[in-house]
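Offset between the sequence shown (1-based) and the working numbering: plus 489. Glycine included, each C-beta is placed from N, C-alpha and C at the ideal position. None of the values given here were measured: they were computed from a predicted structure. Notes to accompany the following structure.
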Amino acid sequence: VQLQASGGGLVQPGGSLRLSCAASGSIFSINIMGWYRQAPGKQRELVATIARDGSTNYADSVKGRFTISRDNAKNTLYLQMNSLNPEDTAVYYCNAVITTIVKAGRYWGQGTLVTVSS
490 VQLQASGGGL
500 VQPGGSLRLS
510 CAASGSIFSI
520 NIMGWYRQAP
530 GKQRELVATI
540 ARDGSTNYAD
550 SVKGRFTISR
560 DNAKNTLYLQ
570 MNSLNPEDTA
580 VYYCNAVITT
590 IVKAGRYWGQ
600 GTLVTVSS
């Protein structure tokens with residue numbers, strides 16, 4: 490099983506980016522999925538999660554600006570980020586609880602860098 494994150498880049502303050510994370514491999518089902526981020530010199534923190542039924546949870550710092558979504562048919566997770574500010578600069582990681590025909594486990598993507606700067 491692999492999670493491939495993409496969509497990061499350099500954006501000006503106030504701008505938007507959309508991150509994607511595609512899961513591939515011998516997947517039976519995907520339960521909860523989420524985005525985490527790690528800024529330089531800081532611990533990794535939760536950004537948002539989404540359950541299979543679409544219920545969501547957001548960190549207070551991104552509420553109203555970020556939207557998490559998923560396409561269960563494509564095994565893909567998204568994060569729409571609006572009104573970005575320099576404090577959002579971080580490496581963003583996707584995460585998913587995935588069940589294969591062998592086991593269930595928590596998997597991480599490789600991270601995609603988001604830089605918010607003028």
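(message) Short of 6 Å in beta carbon distance, which residues of its chain neighbour Ile539, apart from the five on each side in sequence? Order them along the chain.
(response) Met522, Thr545, Ile557, Arg559
(message) Once the 5 residues before and after Arg554 are set aside, which same chain residues still bring their CB inside 8 Å of it?
(response) Met570, Asn571, Ser572, Leu573
(request) Say whether the stretch 494-512 touches the stretch 529-537, bearing in mind that this needs 3 or more beta-carbon pairs closer than 8 Å, one atom from each stretch. (result) no
(message) Just to confirm my understanding: we take Leu566, look at its own chain, exclude 5 residues before and 5 after, and list those with CB closer than 6 Å. What are they?
(response) Cys510, Met522, Arg559, Cys583
(message) Can you find the residues in the same chain that come closer than 7 Å, C-beta to C-beta, to Ile499, ignoring five residues on each side of it along the sequence?
(response) Just to set this straight, residue 499 is Leu in the shown sequence, not Ile. The residues are Thr604, Ser606.
(request) Could you work out which residue in Gly496, Asp549, Ile516, Gly514 is closest to Arg507 when comparing CA atoms only? (result) Gly496
(request) With a threshold of 16 other CB atoms inside 10 Å of the CB of Leu602, please say whether the residue is buried or exposed. (result) exposed
(request) Please classify Asp542: does DSSP put it in a helix, a strand, or coil? (result) coil
(request) Taking only the alpha-carbon atoms, compute the straight-line gap between Arg526 and Pro575 and give it to the nearest angstrom. (result) 13 Å
(request) Give the straight-line distance between the Cα atoms of Ser515 and Ile590, rounded to the nearest whole angstrom. (result) 7 Å
(message) Assuming Val603 is part of the beta strand (DSSP E), what are its boundary residues?
(response) 601-605
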